[in-house]
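*Asks:* Right, I'll just put the structure down here and ask away after.
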Amino acid sequence: MSTDRLTDVSEAGKKAINSISNIKLYIDGSFVDAESKKTFDNISPFTNEKINTVASGDEADIAKAVKAARKAYKGEWGNMKMKDRLTYIYKIADLIDEHIDEIAPLESYDTGLPISQTKKMVARAANNFRFYAEMVSARLVGEVYQVDDEFLNYTVQKPVGIAGLITPWNAPFMLETWKIAPALATGNTVVLKPAELSPLTANRLAEIIDKAELPDGVFNVVHGYGETAGASLVANPDVELISFTGETTTGSEIMKNGADSLKRFSMELGGKSPIIVFEDADVDRALDACTWGIFSFNGERCTANSRLYLHESIAESFIENLKDRVANIRVGDPMRADTQVGPLIHTDHYNNVKSYIELAKEEGCEVISGNIPGELNRGNYVAPTILLNAKNNMRIVQEEIFGPVIAVMTFKDEAEVIELANDVRYGLAGYVWTKDMQRGHRVAHAIDSGMLWVNSQNVRDLRTPFGGSKHSGIGREGGHYAFDFYTETKIIHVAMGDHHIPQFGKK
Ligand code: NAD
Numbered sequence: 312m313s314t315d316r317l318t319d320v321s322e323a324g325k326k327a328i329n330s331i332s333n334i335k336l337y338i339d340g341s342f343v344d345a346e347s348k349k350t351f352d353n354i355s356p357f358t359n360e361k362i363n364t365v366a367s368g369d370e371a372d373i374a375k376a377v378k379a380a381r382k383a384y385k386g387e388w389g390n391m392k393m394k395d396r397l398t399y400i401y402k403i404a405d406l407i408d409e410h411i412d413e414i415a416p417l418e419s420y421d422t423g424l425p426i427s428q429t430k431k432m433v434a435r436a437a438n439n440f441r442f443y444a445e446m447v448s449a450r451l452v453g454e455v456y457q458v459d460d461e462f463l464n465y466t467v468q469k470p471v472g473i474a475g476l477i478t479p480w481n482a483p484f485m486l487e488t489w490k491i492a493p494a495l496a497t498g499n500t501v502v503l504k505p506a507e508l509s510p511l512t513a514n515r516l517a518e519i520i521d522k523a524e525l526p527d528g529v530f531n532v533v534h535g536y537g538e539t540a541g542a543s544l545v546a547n548p549d550v551e552l553i554s555f556t557g558e559t560t561t562g563s564e565i566m567k568n569g570a571d572s573l574k575r576f577s578m579e580l581g582g583k584s585p586i587i588v589f590e591d592a593d594v595d596r597a598l599d600a601c602t603w604g605i606f607s608f609n610g611e612r613c614t615a616n617s618r619l620y621l622h623e624s625i626a627e628s629f630i631e632n633l634k635d636r637v638a639n640i641r642v643g644d645p646m647r648a649d650t651q652v653g654p655l656i657h658t659d660h661y662n663n664v665k666s667y668i669e670l671a672k673e674e675g676c677e678v679i680s681g682n683i684p685g686e687l688n689r690g691n692y693v694a695p696t697i698l699l700n701a702k703n704n705m706r707i708v709q710e711e712i713f714g715p716v717i718a719v720m721t722f723k724d725e726a727e728v729i730e731l732a733n734d735v736r737y738g739l740a741g742y743v744w745t746k747d748m749q750r751g752h753r754v755a756h757a758i759d760s761g762m763l764w765v766n767s768q769n770v771r772d773l774r775t776p777f778g779g780s781k782h783s784g785i786g787r788e789g790g791h792y793a794f795d796f797y798t799e800t801k802i803i804h805v806a807m808g809d810h811h812i813p814q815f816g817k818k
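Residues in the sequence shown are numbered from 312 upward in steps of one, following my numbering.
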C-alpha cells in the first residue's frame, strides 16, 4: 500500500494498517478458523482491492460459540460478584482508550469513513463500557412494594443468558460496543455477528477483550454473512435475545426467523428523518447542523436528516447557501485529516445510492451535486447531492437512501409541515429549528419519531433512550432503558405475617 496515504495517520495507526492479517473467528477464548475452512474477501472502499480474508462462520461455528457462551454463563461469569465483573468492563474501556490511535485508522481504512470522524466514534466506544459499568453499579436496582406488615414484595434484575448481537457496517466499532457493554455489564455472555463489510475493528475488539482476560466463552465473535452466520444465531434455540441494528427489512426477517424460539428482540432500524427550518430560526446554525447531519459519516447515518423542510419565506436563500456548502465539502481519501466525505462502503451500496439519484431525475427533481477529485476514481465515491423540488410522494422522499443525498421541500405553515414530516413509514429522529420555543416543543411533540432535537444537531446524552418508532425500531437502548432488554425482572413475594390462606379440605 502506498505510504503517502497514511501521512496524517499516527505511528500506531500506520503500524496497525501495515500489519493487517487474515481474520479468524474468536470462540471460547481462542482465534480459530471456520469449521468449514471457508473465507471471504474484505474489500477496500477506496481502491476496491482486497484488504484481507476473513473466516466465514456458519451454523456450526455459531453452535460452537453458543455452547461456549452457555458454559461461561453457567460457570465463572454467571457466578461472579458484580464488582469483579465490572472490573473487567472498566479494563476493556481502558484498553480501548490505549488503542484509539490504531482502531480509528483501521475503521476508516475498512469503511471509508473519514478519519476525523472515526476518532470521535472510537472514543465513544470506550465511554460505552465505562458508562455501563457505572450504570450497573448505580442503577441496576430493584424495587420494594410493602403491603402493610403482611408482605414485602421486591424485584431483582437477572441477566437473561446468551445475548446474540448483530451489527451493521456504518459505525461498526461504536455500535458493537453500544450493545456489548450493557450485555456484559448486566451479566450476560455474548455472541457477536459483526457486519461482513467491516470486520477489521470487530477483530481488534476481540483482541482487546482477549487481552482483558475475560473468562473463556464470555465474549465470542463469529464473522460471516447475514444469511448464514446471522440467520443461524437468530435460529439457535439457546440464544435468549437478539439485539439487531440494520435495515428495516432485515429486522422483520430476523423477527420471523426467531419466532419459533421465542426470543426477545431489540430492533434499531432504518430512518428517513426530517429537519424542519421555520422562518424565525437561526438559519446559520440550522445550515451548519443540516449540512453536518446529512453529509457526515458519508451520509451512511441512521439518524441523518435526509428530508429538509424549509419555510417558503427562507427557502431560496437557505438553498443557495446549502449549494455553496455542497460545492465546498472536501471529498477525499478517508485517511486524510481534512477529508469530510469519503467513499461508500461497497460497490453494491454505491450503485444503489446512484440509482436513487437517477430516480430523482426521473421523478422530476433538480439534482445539484458537489465535486469528486479525479484521482479518486477507483473508490465508491458519491458526491454530496441536493435533490430540489422534491415532493413527499416521491420514492426518493419515502425510502432510505443511506448516502450523502438530501431531498429538499418547502412548507407554508406548522400544520402542513407536521403532516409532511409524519408521512413516511420511518420514525427514528427529527430536528426542529425555531426561536419560538412554544412552537419548538409543540412540533417536537407532534412528530412521530423516537428522538427529537430542537435547535440542535444530533448530540447524544448516553443516559437518554435511543431508538425509533414506526418502522425504525422496537424498544430502546441507552441509559437504564437497556436494562429492560438485557435483564429479566423477577418479583419475589415474602409474607411477613400470617396472611389468610383458604383451608380447602380441612376438617
Ligand atoms: P443490514 O440489515 O444489511 O445488515 C445488518 C447486519 O445484519 C449485518 O451484520 C448482516 O450480516 C446481518 N444480516 C443480514 N441478513 C440477516 C439475516 N437474514 N439474519 C441475521 N442477520 C442478518 O444493514 P446494513 O446495510 O449493514 O446497515 C445499514 C442499515 O442499518 C440502515 O438501514 C441504517 O439506517 C440502519 N442503522 C440503524 C441504526 C439505528 O440505531 N436505528 C443505526 C445504524 C444503522
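Cβ atoms here follow ideal geometry from the backbone N, Cα and C, with glycine treated the same way. Since the model is a prediction, treat every value here as computed from it, not as a measurement.
1) Are G475 and R396 closer than 8 angstroms when you measure CB to CB?
2) With DSSP collapsed to three states, give me the class of T364.
3) May I ask whether a heavy atom of ligand 1 can be found less than 7 angstroms away from the beta carbon of S783?
4) Please state whether the Cβ-Cβ distance between T500 and A380 is less than 8 angstroms.
5) Under three-state DSSP, which class holds W388?
6) State buried or exposed for Y667, treating a residue as buried only when at least 16 other CB atoms are found within 10 Å of its CB.
7) When you compare each of S419, P695, K567, L317 to V664 by their alpha carbons, which one comes out closest?
8) Hey, would you say the C-beta of G582 is under 7 angstroms away from at least one heavy atom of ligand 3?
9) From I625 to V719, what distance separates their C-alpha atoms?
10) Here's the rule I'm using: 16 or more other beta-carbon atoms within 10 Å means buried, otherwise exposed. How should D599 be labelled?
11) Helix, strand or coil for M730 per DSSP?
12) For a test of the three-state rule: what should DSSP assign to K504, helix, strand or coil?
13) Taking its Cβ as the centre, do 16 or more other Cβ atoms sit within 10 Å of F815, making it buried, or is it exposed?
14) According to DSSP, W603 sits in a beta bridge with which residue or residues?
15) Should G389 and G528 be called a contact, given that it needs their Cβ atoms to be closer than 8 angstroms?
16) Is any beta-carbon of chain D found at less than 8 angstroms from that of L397?
17) Name, in chain order, the residues that DSSP records as bridge partners for V468.
18) Helix, strand or coil: how does DSSP classify N704 here?
19) Hey, is the segment 627-646 in contact with the segment 676-685, meaning 3+ C-beta pairs nearer than 8 angstroms?
20) Please classify L804: is it buried, with 16 or more other beta-carbons within 10 angstroms of its beta-carbon, or exposed?
21) Mind checking whether the beta-carbon of E564 lies closer than 7 angstroms to any heavy atom of ligand 1?
22) Is the segment 482-490 in contact with the segment 361-377, if contact means three or more CB pairs nearer than 8 angstroms?
23) Measure the beta-carbon distance from V471 to T800 and round it to whole angstroms, keeping in mind my assumption that it falls under 8 angstroms.
24) Verify the contact flag: V365, CB atom, against every heavy atom of ligand 1, threshold strictly below 7 angstroms.
25) On the three-state DSSP scale, how would you describe K325?
26) Out of E461, I403, R450, G453, state which residue places its alpha-carbon closest to the alpha-carbon of N438.
27) If you reduce the DSSP assignment to three classes, tell me which class Y620 lands in.
28) Using alpha carbons as the reference points, say which of L633, G653, E590 lies closest to E623.
29) In terms of DSSP beta bridges, what is D352 paired with?
30) How big is the Cα-Cα spacing for G604 and A648?
31) Given this structure, state the Cα-to-Cα distance separating A523 from F530, to the nearest angstrom.
*Replies:* Once the coordinates are examined:
1) no
2) strand
3) yes
4) yes
5) coil
6) buried
7) P695
8) No copy of ligand 3 appears in this structure; the ligands present are ligand 1.
9) 13 angstroms
10) exposed
11) Here the sequence assigns Glu to residue 730, which means Met is not the residue at that position. Here E730 sits in helix by DSSP.
12) strand
13) exposed
14) Beta-bridge pairing links W603 to no other residue.
15) no
16) Protein chain content of the structure displayed is limited to a single chain, and chain D is not contained in it.
17) The residue asked about is misnamed: residue 468 is Gln in this sequence, not Val. Note: Q468 sits in a beta bridge opposite T800.
18) coil
19) yes
20) In the sequence as displayed, the identity of residue 804 is His instead of Leu. By the neighbour-count rule (16 or more Cβ atoms within 10 Å), H804 is not buried but exposed.
21) yes
22) no
23) That belief does not hold up - the Cβ atoms of V471 and T800 are roughly 10 angstroms apart, past 8 angstroms.
24) no
25) helix
26) I403
27) strand
28) E590
29) T364
30) 19 angstroms
31) 11 angstroms
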